[in-house]
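Student:
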Amino acid sequence: MKKHIWEHKKKPAEAGAILYTRIRKQLKRFTLNVAFSCEKGQLLALVGPSGAGKSTIIRIIAGLEQPDDARITLAEEVWVDTSARISIPTRERGVGYVFQEFTQFPNLSVYNNVAFAARNKKYVEELLRMFDIHHLRNSRPGDISGGEQQRCAICQALAREPRVLLMDEPFSALDALNRRKLRALMKSIKRELKIPIIHVTHDIREAVFMADDMLPVVQGHAEPKWTLQFMLSAREFDRSMCKDTPAGGMEEEHEDRALSIEKKEGTP
Amino acid sequence: MSFRRLAIAFSVSICIIYAGLIVSLFYFFQGPLFFSVLFSARTLYSLGLSVVTATVVTVCSVFFALPSAYALSRYSYFGKQVIDTLLELPMIVSPVALGAMILIFLNTPPGQLIQDSAHLIFTIYGILAAQFITTVGVATRLIKAVFDEIPRRYEELAWTLGQSDASTFFKVVVPMGKHGIMMSSILTWAKALGEFGATLTVAGSMAFKTETVPIAIYMRLSSADIEGTSVLVLILISIGLGVLFGVRLLASEKTYMGT
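So the protein sequences, as listed, match chains A and B. Quick note on numbering that gives the first Met the number 0: the first sequence kicks off at 0 and runs consecutively. Quick note on numbering that gives the first Met the number 0: the second sequence kicks off at 0 and runs consecutively.
1. Is T167 (chain B) near E155 (chain B), with beta carbons less than 7 angstroms apart?
2. Counting only the same chain and skipping the five closest in sequence on each side, list residues whose C-beta sits under 6 angstroms from that of F207 (chain B).
3. Which value, in whole angstroms, describes the spacing of the CA atoms of F98 (chain A) and T107 (chain B)?
4. Ignoring anything shorter than 3 residues, give me the beta strand (DSSP E) runs that lie fully in the segment 120-187 of chain A, in order along the chain.
5. Where does the unbroken alpha helix (DSSP H) through E155 (chain B) begin, and where does it stop?
6. Could you give the uninterrupted runs of the alpha helix (DSSP H) lying entirely in the segment 34-105 of chain B, keeping only those of 4 residues or more?
7. Quick one: what does DSSP say K2 (chain A) is sitting in, helix, strand or coil?
8. Thinking C-alpha only, which one of A:R84, A:I59 and A:L18 is nearest K39 (chain A)?
9. Taking Cβ-Cβ distances shorter than 7 angstroms, what residues in chain B pair up with T89 (chain A)?
10. By the 10 Å Cβ neighbour count, where 16 or more other Cβ atoms means buried, how is A69 (chain A) classified, buried or exposed?
11. Just to confirm before moving on: does the CB-CB distance between T55 (chain A) and L73 (chain A) stay below 7 angstroms?
12. Interface residues of chain B around L63 (chain A) at Cβ under 8 angstroms?
13. From what residue to what residue does the beta strand (DSSP E) around H198 (chain A) run?
14. Suppose contacts are defined by Cβ-Cβ distances below 7 angstroms. Is A117 (chain A) in contact with G145 (chain A) by that definition?
15. Any contact between the segment 113-127 of chain A and the segment 178-190 of chain A? By contact I mean 3 or more CB pairs, one from each, below 8 angstroms.
16. Output needed in chain order: residues of the segment 99-112 of chain A with a Cβ under 7 angstroms from some Cβ in chain D.
17. How would you write the range of the beta strand (DSSP E) that S54 (chain A) sits in, first residue to last?
18. Quick one: which unbroken alpha helix (DSSP H) runs of 4-plus residues sit fully inside the segment 168-235 of chain B? Chain order, please.
19. What's the call for L20 (chain B), buried or exposed, on a 16-neighbour Cβ count within 10 Å?
20. Return the residues of the segment 175-200 of chain B that lie within a Cβ-Cβ distance of less than 9 angstroms from chain A, sorted by chain order.
21. Let me confirm a value: E87 (chain B) is counted as buried when at least 16 other C-beta atoms fall within 10 Å, else exposed. Which label applies?
22. If I'm right that R136 (chain A) touches Y110 (chain A) with Cβ under 8 angstroms, what's the distance once you round it to whole angstroms?
23. Mapping DSSP to helix, strand and coil, what is T72 (chain A)?
24. Report yes if the CB atom of V246 (chain B) is closer than 7 angstroms to the CB atom of I149 (chain B), and no otherwise.
25. Taking 7 angstroms as the threshold (C-beta atoms), are K27 (chain A) and P66 (chain A) in contact?
26. Can you pull out the residues from the segment 114-146 of chain B whose beta carbon lies closer than 8 angstroms to at least one beta carbon of chain A?
27. Using 7 angstroms as the threshold, is the C-beta distance between Q322 (chain A) and Q148 (chain A) below it?
28. Please classify F38 (chain B) as buried or exposed, where buried requires at least 16 other C-beta atoms within 10 Å of its C-beta.
29. Using a Cβ-Cβ cutoff of less than 7 angstroms, which residues in the same chain neighbour L112 (chain B) once the five nearest sequence positions on both sides are dropped?
30. Can you give the Cα-Cα distance for A14 (chain A) and I22 (chain A), rounded to whole angstroms?
31. What are the start and end residues of the alpha helix (DSSP H) that includes P108 (chain B)?
32. Run the CB neighbour count on D243 (chain A), radius 10 Å, all protein chains shown included, and call it buried at 16 or more, exposed below.
33. Considering only residues of the same chain and omitting the five flanking positions on each side of F274 (chain B), which have a CB-CB separation below 8 angstroms?
34. How about V123 (chain A) and A156 (chain A): do their beta carbons lie closer than 7 angstroms?
35. For C14 (chain B), write down the residues that DSSP places opposite it in a beta bridge.
36. Could you pull the start and end residues of the beta strand (DSSP E) that I123 (chain B) belongs to?
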């Protein structure tokens with residue numbers, strides 16, 4: 000990892016930027032009611048079952064959905080304050096957003112997708128190399144694999160030099176090997192990015208592996224005090240699942256085997 | 000007979016009806032007459048007028064239809080359902096009735112203001128107005144179907160990448176739907192080219208002035224010139240089939256460039 004890649008991204012005005020979020024929104028089956036904060040360089044995982052309201056939370060942070068009552072701030076900047084009728088548009092929030100589905104502009108090449116909102120072309124080149132898609136720069140998203148498309152999506156979000164990175168189950172549609180590689184890559188670069196990262200996942204193992212902090216979200220309700228207990232029990236739960244359940248254990252075993260095969264092939 | 004064979008038999012029967020009509024044109028076909036009618040000054044004028052007016056009207060209709068279709072596809076606003084229903088007006092009302100409605104409007108005080116400044120009745124501007132009113136609803140309906148097919152998440156991605164609504168429309172939505180928009184434009188052009196009822200009602204049928212190809216066909220038929228009529232119909236069919244061939248080529252691609 001070349002640390003100098005991230006050097007030009009330092010913005011003194013945002014040193015110590017904290018994303019503070021308090022959201023309430025009436026959904027069809029329950030009320031979403033959460034409050035949390037995320038510091039720069041920290042990866043916060045919103046963990047919970049499908050339909051718990053996790054994606055809605057980051058969609059509201061990005062400005063793609065409107066809350067009933069909310070206050071969202073980044074450092075001193077107010078993004079949403081329903082009591083003061085403030086809601087700045089998505090384009091002005093400076094978020095990087097990685098969608099669950101493969102969402103690359105199909106009519107643009109990989110390079111043009113990544114460079115779509117980039118200010119620094121050199122940074123685009125570095126990202127393409129770092130995410131190992133430099134050789135695909137002229138390919139269309141429809142012609143590359145799902146794993147490569149999601150790498151492209153993360154590069155695209157990072158290339159605009161976001162102030163907050165939001166990822167909505169970005170690895171859930173990937174095969175085990177690609178999922179593991181991208182988890183490891185994101186874990187290794189999260190500190191250098193120096194921005195708050197919110198990662199939505201239903202995969203406890205993924206959250207335990209990547210996150211600095213976890214927020215369990217169940218039926219739209221988050222309990223920060225559960226986090227430590229939840230993490231510990233998740234580890235235990237995960238271990239027991241891997242040991243007892245054939246499906247869980249098999250997946251882990253396959254991932255390990257796939258990685259070891261790849262390492263052997265990569266060794267000269 | 001299996002259902003598959005029955006269904007195919009129905010589709011073939013439709014083909015036989017249309018093919019029979021086209022082939023019957025050749026019953027009165029005379030080679031020398033074909034070229035003398037085709038290259039006569041009156042036919043060339045009608046052809047030129049039809050192509051120019053249809054092209055101008057298509058550009059205007061698509062220009063109006065693009066933002067209108069996007070609004071109908073993406074936004075919720077007061078009166079949206081009414082507008083959506085009114086788009087069908089040219090399809091519900093017969094073209095002659097639509098032309099009559101234009102004439103009636105031009106006899107009202109606001110319509111008279113337009114008539115005094117633009118002189119629509121019995122002029123080329125009348126042809127443009129009649130064709131525009133007939134095609135703009137169709138163009139909007141066709142382009143809306145293209146926009147409906149583009150998943151909204153591409154626009155959301157563009158917004159997160161710092162694009163405004165307008166730049167998202169021009170840089171993301173239109174390029175992604177360009178094949179569908181081109182197909183819609185070609186169909187709009189074909190509709191404008193074949194427009195007869197409203198054009199005849201508003202602009203009349205003056206040779207070398209407001210006589211488009213469909214009107215020329217009607218005029219030749221009125222004077223019992225079957226040979227001349229069949230030549231003009233063949234010309235119109237050739238243009239129409241050429242356009243449809245173009246549409247088929249474009250239709251082989253997706254209406255939006257999805258993955």
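In this text, a Cβ means the ideal position worked out from N, Cα and C, and glycines have one as well.
Tutor: Concretely, from the data shown:
1. no
2. Y44
3. Taking the Cα positions, F98 (chain A) is about 55 angstroms away from T107 (chain B).
4. 163-167
5. R152 to T159
6. 40-73, 79-85, 88-91 and 94-105
7. Reliability fails at K2 (chain A), whose pLDDT of 44 lies under 50, so the model's placement of it is uncertain and the value that follows must be treated cautiously. Residue state, collapsed to three classes: helix.
8. With respect to the C-alpha of K39 (chain A), the residue from A:R84, A:I59 and A:L18 having the closest C-alpha is A:L18.
9. Within 7 angstroms of the CB of T89 (chain A), the CB atoms of chain B belong to W158 and T159, in sequence order along the chain.
10. buried
11. no
12. E155, W158 and T159
13. Where H198 (chain A) is concerned, the enclosing beta strand (DSSP E) starts and stops at I196 to T200.
14. no
15. no
16. Absent here is chain D; the protein component of the structure consists of chains A and B.
17. No beta strand (DSSP E) holds S54 (chain A); the alpha helix (DSSP H) holding it covers K53 to A61.
18. 177-192, 196-202 and 212-221
19. exposed
20. M175 and K177
21. exposed
22. 4 angstroms
23. strand
24. No, they are not a contact pair.
25. no
26. none
27. Nothing in the structure corresponds to residue 322 (chain A), since chain A is present only between 0 and 267.
28. exposed
29. Around L112 (chain B): no qualifying Cβ.
30. With a pLDDT of 47 at A14 (chain A), under the threshold of 50, the modelled position of that residue is not reliable, and no figure is offered here.
31. P108 to A117
32. Bear in mind that a pLDDT of 44 at D243 (chain A), under 50, signals an unreliable position, so the model cannot answer this.
33. With chain B covering only 0 through 258, there is no way to say anything about residue 274 (chain B).
34. No, they are not a contact pair.
35. According to DSSP, C14 (chain B) bridges with nothing at all.
36. It is not in any beta strand (DSSP E) - I123 (chain B) instead sits in the alpha helix (DSSP H) that spans I123 to E148.
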